[in-house]
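Here is the structure we will look at.
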Amino acid sequence: MTTLATAPTTTSAAPLAEPPARFRDLIASEWIKTRSLRSTPWALAFITLFVIGSGTVATLADKAAGSEPGSFLAYDAFPSTGYLTLILVASSMGALTVVSEYGSGLIRTTTVAVPARGAVVLAKAVVTAALWTAVGTAASIGSFLISQAILDGHDAGVPITHPDVLRPLVASALLAPVCALVGLGLGVLLRHAAGTMLTSVFTLLMLPTMFSESNRWSADLRHTMVSAAWTRLVQTWEPDPGSLGYTATLQGSWIVYALWPLVAVTLAVLTVRRRDV
122 MTTLATAPTT TSAAPLAEPP ARFRDLIASE WIKTRSLRST PWALAFITLF
172 VIGSGTVATL ADKAAGSEPG SFLAYDAFPS TGYLTLILVA SSMGALTVVS
222 EYGSGLIRTT TVAVPARGAV VLAKAVVTAA LWTAVGTAAS IGSFLISQAI
272 LDGHDAGVPI THPDVLRPLV ASALLAPVCA LVGLGLGVLL RHAAGTMLTS
322 VFTLLMLPTM FSESNRWSAD LRHTMVSAAW TRLVQTWEPD PGSLGYTATL
372 QGSWIVYALW PLVAVTLAVL TVRRRDV
């Protein structure tokens with residue numbers, strides 16, 4: 122009499138779960154996306170050279186340069202033409218880091234790979250802030266150095282250690298990441314390229330011109346705008362006590378610099394967590 126031996130049943134091994142993406146991996150991924158775009162280095166080089174060139178032109182056109190030796194001429198080193206253009210380009214490029222993914226559909230692949238959408242937005246914000254801080258710093262220092270090299274010919278140049286230089290230099294360098302993060306936040310909220318760029322231009326450039334400093338309520342609204350805060354921080358002279366206008370405080374202008382990107386990125390993180398892609 123024989124008995125049938127039953128073969129031992131084998132259970133298939135459970136598939137190994139992939140570890141969740143670390144935040145530094147998300148930053149590396151966003152950096153690859155940013156630098157892989159051919160337009161990125163060209164746009165960054167263009168705006169850096171434009172800001173430096175505008176400082177050069179403003180300094181060469183200043184016929185009064187040299188009349189007050191030893192004083193720092195802030196609007197030669199940091200002219201409004203160059204920095205208003207910087208606001209436009211930085212906010213638009215910041216928005217493109219998001220809306221380009223929505224337009225191409227790549228955002229769906231990103232959210233499938235990384236379900237933590239808020240972490241993706243924060244990684245984009247870190248890369249955007251770091252990149253545009255570097256651009257703003259290069260443009261600010263380059264514009265300052267070129268302008269002072271020209272002014273040295275009129276015995277009106279000042280060193281970078283001059284007491285009036287640091288605040289305008291830092292404010293001009295930080296203007297780029299502030300505006301880029303605002304553009305990124307608007308990109309997440311609107312998810313449409315044309316609409317986001319128009320909103321950025323209106324909010325950062327056109328809206329401040331609607332308010333003057335002659336009335337208190339109008340001045341208060343104007344002083345909450347990024348471009349108005351930059352104008353006050355670059356100003357190296359004290360407001361005239363007899364002036365009929367209302368001038369922003371330095372502390373309030375720095376707060377504006379901090380709140381705009383903070384609010385924009387916070388709203389973007391909250392929105393992307395609650396909304397489908």
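Okay, so the sequence shown: first residue is 122 according to the numbering used here, each after it adds one.
Quick reminder that beta carbons are idealized off the backbone N, C-alpha and C, glycines included.
Under a three-way DSSP split, which group does Lys184 fall into? Lys184 falls in the coil class under three-state DSSP.
Taking DSSP as the reference, what is the three-state secondary structure of Trp358? In the three-state scheme derived from DSSP, where H, G and I count as helix and E and B as strand, Trp358 is classed as coil.
Under 8 Å between the Cβ atoms of Val393 and Ala195? No, the pair does not count as a contact, with Cβ atoms beyond the cut-off.
To the nearest angstrom, how far is the alpha carbon of Thr357 from that of Leu287? Our two residues, Thr357 and Leu287, have alpha carbons roughly 10 Å apart in a direct line.
Could you tell me if Asp183 is buried or exposed, where buried requires 16 or more neighbouring beta carbons within 10 angstroms of its beta carbon? Using a 10 angstroms sphere on the CB of Asp183, the tally of other CB atoms reaches 16 or more, which defines it as buried.
Unbroken stretches of the alpha helix (DSSP H), 4 residues or longer, contained in the segment 312 to 347: Under the rule that a run must span 4 or more residues, the alpha helix (DSSP H) segments found entirely inside the segment 312 to 347 read 314 to 322 and 337 to 343.
Please list, in chain order, all residues of the same chain as Ala244 whose beta carbon is under 6 Å from its beta carbon, the five residues on each side excluded. Excluding sequence neighbours, Ala244 sits near Leu147, Ile148 and Glu151.
In whole angstroms, what is the alpha-carbon distance linking Phe144 and Val241? When only Cα atoms are considered, Phe144 and Val241 end up about 8 Å apart.
Taking the straight line between their C-alpha atoms, what separation do you get for Ala297 and Tyr223? When rounded, the separation of the alpha-carbon atoms in Ala297 and Tyr223 is 23 Å.
Could you have a look at Val235 and say whether DSSP puts it in helix, strand or coil? Reduced to three states, the DSSP call for Val235 is coil.
Which residue comes first and which comes last in the alpha helix (DSSP H) that contains Leu209? Its alpha helix (DSSP H) spans residues Ser201 to Ser225.
What's the call for Gly278, buried or exposed, on a 16-neighbour Cβ count within 10 Å? Only buried fits Gly278, as 16 or more other CB atoms lie within 10 angstroms of its CB.
Can you find at least 3 beta carbon pairs, one from the segment 270 to 277 and one from the segment 327 to 338, that sit closer than 8 Å? The segment 270 to 277 makes no contact with the segment 327 to 338; the number of CB pairs closer than 8 Å stays below 3.
Could you tell me which of Val178, Val299 and Ala198 sits nearest to Val256, measuring between CA atoms? When each option's Cα is compared against that of Val256, the closest is Val299.
Nearest-angstrom Cα distance between Leu207 and Asp276? In a straight line, the C-alpha of Leu207 is about 30 Å away from that of Asp276.
Among the residues of its own chain, which have a CB less than 8 Å from the CB of Ser201, if the five just before and after it don't count? The answer, listed in chain order, is Thr352.
In the DSSP assignment, find the alpha helix (DSSP H) that holds Ser157 and state where it starts and stops. Residues Phe144 to Ser157.
Could you have a look at Asp276 and say whether DSSP puts it in helix, strand or coil? Asp276: coil per DSSP, three-state reduction.
Got a sec, what are the start and stop residues for the alpha helix (DSSP H) Ala389 sits in? Leu371 to Arg395 is the span of the alpha helix (DSSP H), which, as asked, contains Ala389.
If Met318 sits next to Ala211, beta carbons under 8 Å apart, how far is it from one beta carbon to the other, in whole angstroms? Rounded to whole angstroms, the Cβ separation of Met318 and Ala211 is 12 Å, and the two are not in contact under 8 Å.
Would you please state the rounded distance, in angstroms, between the beta carbons of Gly304 and Ser213? I believe it to be under 8 Å. Contact between Gly304 and Ser213 holds, with the beta-carbon distance rounding to 6 Å and staying under 8 Å.
Whose C-alpha, out of Pro280, Asp197 and Thr324, is nearest the C-alpha of Ser268? Ranking Pro280, Asp197 and Thr324 by Cα distance to Ser268 puts Asp197 first.
How close, in whole Å, do the beta carbons of Pro236 and Leu302 come, if the pair is a contact with beta carbons under 8 Å? Cβ atoms of Pro236 and Leu302 stay farther apart than 8 Å, at about 24 Å.
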